[in-house]
Every structure is written in structure tokens, then in C-alpha cells.
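Numbering (full-length UniProt numbering), first residue to last: 1 to 314. Glycine residues also receive a C-beta, built at the ideal position from the N, C-alpha and C atoms. Let me begin by presenting the structure, written as C-alpha cells, before commenting on it.
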């Protein structure tokens, strides 16, 4: 009797430079919600997922309705919102051997003739992802992104097309445990490098840390996140940033704690005195309710902000 081995999903490469320190940032900022939101989704017998969302932020109400159809190699999504925006996303898998294509089209309003378009090509060349963003029919503005990921190195380049085109190039080298990288930004109109950033990133089973030196050496940022359980849902993180030119230091600390597998509490505090708390509870699988609040402890006379979100999925 033979058993089929599962494919490993473990990260094997150093990752893109843009991901350095992102885990700590996500823990402290993800699920932030200071408005009122209600979202409900249902699935028809034909496999079409219908979703509707209503949001009230600062007294302004918005909403959208959408539909998504998925098959083995194809997915098509359409969304309409109250601001007369129409968005369509088409994803095709294995159109050519092992290659994926995703196309996104957004008409900003029914009276507009401009369509925001994004094309993403994955694995057209092994380990490569290409993304092009532009407006139809005007091709003079847009963005072109190329990403290449290898087991021991990555390379990414972004070209912004406008009256003063800019080029960002980043590279990393290392492994999934330890990596170092750099990013350079070049402005073609002035023929000068406008920014240069270097950094290192460390990942171990229960923790991740990074140090970034940016703004031509004027800014240094350190991040650290530690997991306290196997599921990696109970964690603590901090971020500290120092500007050498102004001799100022800012910090952001946060954490999350899981009570019973279905209830999560998150909190964060920054150097400006903003204290935020989020409480999430999973009512049934895939459906949850979230309560959030933000208070400035350095300005207690100001009214605290509150948020509420309800997500219902089949």
C-alpha cells in the first residue's frame, strides 16, 4: 500500500524586499475598522457566490453587490457599487502550460470613458510574475511590475509611466531563515536616485525580525514579532523608527490573544498616544462579528472612535 505525499507549502526562498517586516505590520494594522460594515455572502446551486456589502464611514454610506463564479481553471467576478463603479475580474489558470492570467477592469463611473485595467501574468516564465496597470484608452499613464523569485534570490522592478517616469529596483539574497536586500528608486526626469534602502530579515519558527535603513541613511526601522502558540494566532509585535536628522523616535506595539479558538482580542499603542482594541468572534465557521475602538490617551477630551463589522458567509 502506498501513500500519497502532500505538497509542501513551506516557504523556501528569501521573499521580496517589500515583505521585510510585513508580518509585524500586519499583526498591528490588519482588521483595523473604525466604521460600520455589514457583509453577507451566499452560494447558489450553480456555484455562483453572491456578496453584498454596506458601509457607513463618518456619516457617509456606501455599498456594493457582486457575483463570483469559479470553476477548475476559470474564475469571473463582477461588482457594482453605489458610486457607479463597475469592476470585473477574470482569472484563467493553465492557459498555457503552468501559466496563469488575471485581468481586472474597472469603469469608475457610467459616464466615464476611461477603464482602469490590470493584467497579471504568472509563470509565463518560470518563477516570474508580471503585472501591468493602465487606463484604457490612454496608455500614457500606468505601472509595470516584474517579480522573479528563486530559492536563494529575488528580483523586482517597478516602472511608473507618467510625465516623469520612475523606476524602482529591489533585490534580496538568502534563504527563508535569513535574507538581506536593497531597493533603489531612480527618477528619469532628473537622472537621480531619489531613495536607497537596505535591510535584513530573519525568520525562525516562532519569531520574525527585520532591520531597515532607508531614506538615504536618515531612517532606521526595527520590527519584531513573536508567536506564543502553535497556531500562531497569539502573538506580540513591536516596531520602532528613528529619524537621525530630527533625532526623533516613534514606536508601535501590538498583540493578539486567542481565548477559545473562536474569539480573538487585538490591541495596539503608538508613540502618538493612540490606543486601539479589536474584538473578533466567530459566530459560525467563516462568519464573524468584530468590535473596534480607538482612543487617544494624550487627548482624553476627544471622543473615542468605534467600529462594528458583521460578515456572514455560507
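Practice item. Return yes when the Cβ of residue 308 is within less than 8 angstroms of the Cβ of residue 36, no when it is not. Key: Taking the chain shown and counting its residues from 1, one reaches residue 36 at position 36. Taking the chain shown and counting its residues from 1, one reaches residue 308 at position 308. Between residue 36 and residue 308, the CB-CB gap stays under 8 angstroms.
Check your understanding: If you scan the segment 56 to 93 from start to end, which runs of the alpha helix (DSSP H) of 4 or more residues do you find wholly inside it?
Key -> If we require 4 residues or more, the segment 56 to 93 turns out to have no alpha helix (DSSP H) run fully inside it.
**Study point:** Supposed close pair residue 225, residue 24 - CB separation, criterion 8 angstroms
**Key:** The count along the chain shown starts at 1 and reaches residue 225 at position 225. The count along the chain shown starts at 1 and reaches residue 24 at position 24. About 4 angstroms; that satisfies the 8 angstroms criterion.
Practice item. Please state whether DSSP places residue 121 in a helix, a strand or coil. Key: In the chain shown, the residue the question calls residue 121 occupies position 121. Of the three classes helix, strand and coil, the one that applies to residue 121 here is strand, per DSSP.
Exercise for review: State the Cα-Cα distance for the pair residue 121 and residue 304, rounded to the nearest angstrom.
Suggested key: Taking the chain shown and counting its residues from 1, one reaches residue 121 at position 121. Taking the chain shown and counting its residues from 1, one reaches residue 304 at position 304. If you take the alpha carbons of residue 121 and residue 304, they lie about 45 angstroms apart.
Review point. Roughly how many angstroms lie between the CA atoms of residue 48 and residue 230, to the nearest whole one?
Key: Stepping through the chain shown from its first residue, residue 48 is reached at position 48. Stepping through the chain shown from its first residue, residue 230 is reached at position 230. Roughly 35 angstroms separates the two Cα atoms.
Practice item. Report the rounded CA-to-CA distance for residue 247 versus residue 236, giving the unit in angstroms. Key: The residue labelled residue 247 in the question sits at position 247 within the chain shown. The residue labelled residue 236 in the question sits at position 236 within the chain shown. Approximately 27 angstroms, taken between the alpha carbons.
Check your understanding: Any idea which residues DSSP pairs residue 42 with across the strands?
Key -> The residue labelled residue 42 in the question sits at position 42 within the chain shown. According to DSSP, which records beta bridges pairwise, residue 42 is partnered with 50.
Exercise for review: State the Cα-Cα distance for the pair residue 218 and residue 242, rounded to the nearest angstrom.
Suggested key: Translated into the one-based positions of the chain shown, residue 218 becomes position 218. Translated into the one-based positions of the chain shown, residue 242 becomes position 242. In this structure, the straight-line span from the alpha carbon of residue 218 to that of residue 242 is close to 8 angstroms.
Point to revise | Whole-angstrom distance between residue 163 and residue 187, CA atom to CA atom | key: Locating residue 187 in the chain shown gives position 187, counting from the first residue. Locating residue 163 in the chain shown gives position 163, counting from the first residue. Rounded to whole angstroms, residue 187 to residue 163 spans 11 angstroms at the Cα level.
Check your understanding: Going by Cα to Cα distance, which pick from 267, 177, 46 is closest to residue 69?
Key -> Numbered from 1 along the chain shown, position 69 holds the residue referred to as residue 69. Of all alpha-carbon atoms in 267, 177, 46, the one lying nearest the alpha-carbon of residue 69 is that of 46.
Practice item. Let me know the beta strand (DSSP E) ranges lying completely inside the segment 208 to 268, each 3 residues or longer, listed in chain order. Key: DSSP runs (the beta strand (DSSP E)) wholly in the segment 208 to 268: 219 to 227, 235 to 243, 248 to 258.
Point to revise | residue 106 vs residue 85 beta-carbon contact at 8 angstroms | key: Here residue 106 refers to the residue found at position 106 when the chain shown is read from its first residue. Here residue 85 refers to the residue found at position 85 when the chain shown is read from its first residue. Less than 8 angstroms separates the beta-carbon of residue 106 from that of residue 85.
Review point. How many whole angstroms separate the CB atoms of residue 314 and residue 43, which I take to be in contact at a CB cut-off of 8 angstroms?
Key: Your numbering for residue 314 matches position 314 in the chain shown. Your numbering for residue 43 matches position 43 in the chain shown. Rounded, the Cβ-Cβ distance is 5 angstroms, consistent with contact.
Point to revise | Bounding residues of the alpha helix (DSSP H) (the contiguous stretch that carries residue 19) | key: Mapped onto the chain shown, residue 19 falls at position 19. Here residue 19 belongs to no alpha helix (DSSP H), and DSSP marks it neither H nor E.
Practice item. Counting only the same chain and skipping the five closest in sequence on each side, list residues whose C-beta sits under 6 angstroms from that of residue 21. Key: For the purposes of this step, residue 21 is taken as the residue at position 21 of the chain shown. Excluding sequence neighbours, residue 21 sits near 210, 223.
Exercise for review: In angstroms with no decimal places, state the Cα-to-Cα distance between residue 260 and residue 280.
Suggested key: Stepping through the chain shown from its first residue, residue 260 is reached at position 260. Stepping through the chain shown from its first residue, residue 280 is reached at position 280. Cα to Cα, the separation comes out at about 12 angstroms.
Review point. If you compare alpha carbons, which of 288, 173, 262, 293 is closest to residue 277?
Key: As a working mapping, residue 277 is identified with position 277 in the chain shown. Out of 288, 173, 262, 293, 293 has the C-alpha closest to the C-alpha of residue 277.
Check your understanding: Is residue 179 near the ligand MG, with its Cβ less than 7 angstroms from a heavy atom?
Key -> Although the ligand MG was asked about, the structure shown includes no ligands whatsoever.
Check your understanding: Is it true that the CB of residue 156 sits closer than 8 angstroms to the CB of residue 17?
Key -> Along the chain shown, one-based indexing puts residue 17 at 17. Along the chain shown, one-based indexing puts residue 156 at 156. Taking C-beta atoms as the reference points, residue 17 and residue 156 count as a pair closer than 8 angstroms.
Check your understanding: Below 8 angstroms between beta carbons: does that hold for residue 275 and residue 252?
Key -> The residue you call residue 275 lines up with position 275 of the chain shown. The residue you call residue 252 lines up with position 252 of the chain shown. In this structure, residue 252 does not lie closer than 8 angstroms to residue 275 by Cβ.
Check your understanding: Leaving out the 5 sequence neighbours to the left and right, which residues in its chain are closer than 6 angstroms to residue 65 when beta-carbon positions are compared?
Key -> Locating residue 65 in the chain shown gives position 65, counting from the first residue. The residues are 52, 80.
Check your understanding: Cα-Cα, which of 257, 167, 173, 27 is closest to residue 191?
Key -> As a first step, residue 191 must be located in the chain shown, where it is residue number 191. Nearest of 257, 167, 173, 27 to residue 191, Cα basis: 167.
Exercise for review: Can you give me the Cβ contacts of residue 301 inside the same chain, cut-off strictly under 6 angstroms, excluding the 5 residues immediately before and after it?
Suggested key: By 1-based counting over the chain shown, the position of residue 301 is 301. Once the five neighbours on either side are set aside, residue 301 has no close Cβ partner at all.
Practice item. Can you have a look at residue 227 and say buried or exposed, based on whether 16 or more other CB atoms are within 10 angstroms of its CB? Key: Indexing the chain shown from 1 puts residue 227 at position 227. It is buried - the Cβ of residue 227 has at least 16 other Cβ atoms within 10 Å.
**Study point:** Given residue 264 as reference, the closest of 270, 256, 310 once Cα atoms are compared
**Key:** Residue mapping note: residue 264 aligns to position 264 of the chain shown, counting from 1. Measuring C-alpha to C-alpha distances from residue 264 to each of 270, 256, 310 identifies 256 as the nearest.
Check your understanding: How would you call residue 269, buried or exposed, if buried means at least 16 neighbouring beta carbons within 10 angstroms?
Key -> Counting from 1 along the chain shown, the entry for residue 269 is found at position 269. Residue 269 is buried by the Cβ-count criterion.
Review point. Within this structure, are the beta carbons of residue 117 and residue 131 separated by less than 8 angstroms?
Key: Position 117 of the chain shown, counting from 1, holds the residue named residue 117. Position 131 of the chain shown, counting from 1, holds the residue named residue 131. No, the pair does not count as a contact, with Cβ atoms beyond the cut-off.
Review point. Given that a residue counts as buried once 16 or more other Cβ atoms are within 10 Å of its Cβ, and exposed if not, what is residue 208?
Key: Translated into the one-based positions of the chain shown, residue 208 becomes position 208. Residue burial is scored here from C-beta neighbours: residue 208 has at least 16 other C-beta atoms within 10 angstroms and is therefore classed as buried.
Review point. Is DSSP giving residue 287 helix, strand or coil here?
Key: Here residue 287 corresponds to residue number 287 of the chain shown, with the count starting at 1. In this structure, residue 287 counts as strand in the three-state DSSP scheme.
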